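111 is the number that numbering that gives the first Met the number 0 gives the last residue of the sequence shown; the numbers go up by one with no jumps. Yeah, the Cβ is synthetic: ideal placement off N, Cα and C, and Gly gets one too. Being a predicted model, the structure only gives us computed values, none of them experimental.
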Amino acid sequence: MLNPYFAFGVPVGLLLIYAIFAIIRKKTKIHYLGFALFIISGFLTAFCLQVIQYAYHESALTSVAALEESAGYPLWLLFIGFGIGLFLVLINLVRAWRRIQKIRNQTSDHRN
0 MLNPYFAFGV
10 PVGLLLIYAI
20 FAIIRKKTKI
30 HYLGFALFII
40 SGFLTAFCLQ
50 VIQYAYHESA
60 LTSVAALEES
70 AGYPLWLLFI
80 GFGIGLFLVL
90 INLVRAWRRI
100 QKIRNQTSDH
110 RN
């Protein structure tokens with residue numbers, strides 16, 4: 000699980016998929032793509048957290064230095080994908096909140 004191709008390749012792949020969906024969302028009027036972006040960013044965050052938890056589990060069995068040497072990278076790099084995922088989740092939550100408020104304001108304007 001700490002293989003660099005897996006630990007960093009999956010997040011990079013998810014970021015590419017996120018970018019493609021974000022571009023499509025900007026160019027079209029498909030409403031559910033915002034939800035798809037939220038799901039992708041949530042999966043990115045969960046995946047990175049799982050890899051970090053596994054790294055902590057393995058470091059409890061050996062030393063951190065030995066684990067970093069066998070993995071071939073410093074373990075703090077795993078937090079970059081997790082941070083990006085959290086940031087994207089927050090962006091999507093704010094975007095959803097704004098959309099809900101916009102819909103509520105539109106429906107309250109129609110009632111008056």
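Please identify the residue among the options whose C-alpha is closest to the C-alpha of residue i.
i: Q55; options: W75, A45, L15 and I19; result: Going by the sequence as given, residue 55 is Tyr instead of Gln. Measuring from the Cα of Y55, the nearest candidate turns out to be W75.
i: F7; options: Q105, R94 and P73; result: P73
Tell me which same chain residues have a C-beta within less than 7 Å of the C-beta of residue i, skipping the five on either side of it?
i: T145; result: No statement about residue 145 is possible, as the shown extent of the chain runs from 0 to 111 and does not include it.
i: V9; result: F46
Taking a contact to mean a Cβ-Cβ separation below 9 Å, would you say residue i touches residue j in this structure?
i: F42; j: L32; result: no
i: L1; j: S62; result: no
i: N91; j: S40; result: yes
Spatial neighbours of residue i within its chain, please: C-beta separation below 6 Å, excluding the five flanking residues on both sides.
i: S107; result: none
What is the rounded straight-line gap between the Cα of residue i and the Cα of residue j?
i: F78; j: Q49; result: 11 Å
i: R98; j: A35; result: 15 Å
Within a Cβ cutoff of 8 Å, which residues of the same chain sit near residue i, ignoring the five residues on either side of it in sequence?
i: P3; result: A70, G71 and Y72
i: L66; result: L1, A54, E57, S58 and L74
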